[in-house]
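With my numbering as the guide, the letters of the sequence shown map in order to residues 344 to 659.
Ideal Cβ positions, reconstructed from N, Cα and C, are used throughout, including at glycine.
This structure is a prediction, so every number in the text was calculated from the model and none was measured.
I have placed the structure first, in the form of structure tokens, so that the comments after it can refer back to it.
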Amino acid sequence: MEAALWDNRLTIEADFFYKKTNDLLFNMPVPASTGFTSEPRNVADMKNQGVEFSIGLTPVKTDRVTWTFNFNGLHYKNTVTRLPEELREKGFTRGNQIMKEGGSIYDFYMVKWAGVNPDNGDAQYWIKNQATGQFELKQSADYESVNSLQYAGSAIPDLQGGFGTTLHFYNFDLALQFSYQLGGKFYDSQYLGLMQTGGNGRGWHTDIRKRWTPENRNTDVPRLQFNSQNIVTTSDRFLIDASYLSLRNLSLGYTFAPEVTEKLKLSRLRYYISADNVYLWSKRQGLDPRASIAGTNTYAVYSPIRTVSMGLSVSF
Numbered sequence: 344m345e346a347a348l349w350d351n352r353l354t355i356e357a358d359f360f361y362k363k364t365n366d367l368l369f370n371m372p373v374p375a376s377t378g379f380t381s382e383p384r385n386v387a388d389m390k391n392q393g394v395e396f397s398i399g400l401t402p403v404k405t406d407r408v409t410w411t412f413n414f415n416g417l418h419y420k421n422t423v424t425r426l427p428e429e430l431r432e433k434g435f436t437r438g439n440q441i442m443k444e445g446g447s448i449y450d451f452y453m454v455k456w457a458g459v460n461p462d463n464g465d466a467q468y469w470i471k472n473q474a475t476g477q478f479e480l481k482q483s484a485d486y487e488s489v490n491s492l493q494y495a496g497s498a499i500p501d502l503q504g505g506f507g508t509t510l511h512f513y514n515f516d517l518a519l520q521f522s523y524q525l526g527g528k529f530y531d532s533q534y535l536g537l538m539q540t541g542g543n544g545r546g547w548h549t550d551i552r553k554r555w556t557p558e559n560r561n562t563d564v565p566r567l568q569f570n571s572q573n574i575v576t577t578s579d580r581f582l583i584d585a586s587y588l589s590l591r592n593l594s595l596g597y598t599f600a601p602e603v604t605e606k607l608k609l610s611r612l613r614y615y616i617s618a619d620n621v622y623l624w625s626k627r628q629g630l631d632p633r634a635s636i637a638g639t640n641t642y643a644v645y646s647p648i649r650t651v652s653m654g655l656s657v658s659f
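What follows is the structure, encoded as structure tokens:
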């Protein structure tokens, strides 16, 4: 779908999509007597559906000044429509994510964090009572993750895309380009590691200074205790909102007037300075949700490098 209004000063484009994929490959467990732990099989179906859109706007357009604005976005939903019979009840587990029929391939299932006990600084969790089937508030000593997993969100964002603006003011030009993501979850295992006790020389996150003490009872950071794995362990405490805003590019240029270029026997001469990957705003400083589409830390991917460049653009 496309539309243009006011002599193309406003343009709108939208594309709807639906794709169904059958017989997805997954590694299924096999008997140990085969000498292998798993084998790939075509066992699952899924569908993706959503909308992509873009908007272009030119609020100002004169001989000397032009200002344009662009905005685009993507919203989509992923649904697993079929799993093999043996996986339909519990789903297919990959780390902290479980793929179930009716859900997405990036759904998190984790023990729910219940905050810090103000009386003793212990970590608290919602643990399932097997007799009643209800989730109850328990201390770290009662932590268990086999039967107490709950749906905690998806890595798939509600909306993602980019926007930017360009301003031409006489001989100057200024351009900014952003990318963004709204919603989605990111499991920050690196942050978890920095909030644990450890051996000599181990680094801590500065948030450890907010830990519970008898003088600091109202906090969301439990007490510091050596060799107590369940005080700081896997839970949705470390499942972070993956929303972000990134200033991807900033450029400023100046195009020399014709009377200058004619003397130099040039048709066009422009000087510019440009910066890429200028800044990232995210839920936690140091967290880059762009590192993984699956919403999990990866130690093999670095954040994009910030670069600054300048140059001359010459046309003869």
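{"Check": "Starting from T604, trace the alpha helix (DSSP H) both ways and give me its first and last residue.", "Outcome": "P601 to K606"}
{"Check": "R627: which of E558, E356, L590 and D550 sits nearest, CA to CA?", "Outcome": "D550"}
{"Check": "Should M453 be labelled buried (16 or more other beta-carbon atoms within 10 Å of its own) or exposed?", "Outcome": "buried"}
{"Check": "Considering only residues of the same chain and omitting the five flanking positions on each side of I398, which have a CB-CB separation below 6 angstroms?", "Outcome": "I355 and F414"}
{"Check": "In its own chain, which residues sit with a C-beta less than 8 angstroms from the C-beta of V564, not counting the 5 before and 5 after it?", "Outcome": "V459, M538, D550, I551, K553, R554 and W555"}
{"Check": "Hey, could you find the ends of the alpha helix (DSSP H) G496 is sitting in?", "Outcome": "Careful: G496 lies outside any alpha helix (DSSP H), inside the beta strand (DSSP E) at Q493 to S497."}
{"Check": "Can you grab the Cα-Cα spacing for the pair Y513 / S589, in whole Å?", "Outcome": "28 angstroms"}
{"Check": "Under the DSSP definition of a beta bridge, which residues are partnered with N592?", "Outcome": "Q520 and D619"}
{"Check": "Just to confirm the assignment, what range does the alpha helix (DSSP H) spanning Q572 have?", "Outcome": "Where Q572 is concerned, there is no enclosing alpha helix (DSSP H), given that its DSSP letter is neither H nor E."}
{"Check": "Relative to the alpha-carbon of I648, which residue among S656, A634 and L655 has its alpha-carbon at the smallest distance?", "Outcome": "A634"}
{"Check": "Counting pairs of Cβ atoms below 8 angstroms between the region 408–428 and the region 492–509, do you hit three or more?", "Outcome": "yes"}
{"Check": "Measuring only the C-alpha atoms, how far is Q524 from Y587?", "Outcome": "5 angstroms"}
{"Check": "Can you tell me which of the three DSSP states Y449 falls into?", "Outcome": "coil"}
{"Check": "At 4 residues or longer, what runs of the alpha helix (DSSP H) sit wholly inside the region 370–427?", "Outcome": "none"}
{"Check": "Indicate the three-state DSSP secondary structure (helix, strand or coil) for R580 in the structure shown.", "Outcome": "helix"}
{"Check": "Report back the beta-carbon spacing between K455 and D579 to the nearest angstrom; my notes put them in contact at under 8 angstroms.", "Outcome": "6 angstroms"}
{"Check": "Rounded to the nearest angstrom, how far is the Cβ of F379 from that of V373, given a contact under 8 angstroms?", "Outcome": "6 angstroms"}
{"Check": "Quick one, which of Q520, R425 and L492 has its alpha-carbon nearest D619's?", "Outcome": "Q520"}
{"Check": "From which residue to which residue does the alpha helix (DSSP H) around G536 run?", "Outcome": "S532 to L537"}
{"Check": "From F515 to K404, what does the alpha carbon distance come to, in whole angstroms?", "Outcome": "15 angstroms"}
{"Check": "What residue range is occupied by the uninterrupted beta strand (DSSP E) comprising Q440?", "Outcome": "Q440 to M442"}
{"Check": "Should Q440 go down as buried or exposed, given a rule of 16 or more other Cβ atoms within 10 Å for buried?", "Outcome": "buried"}
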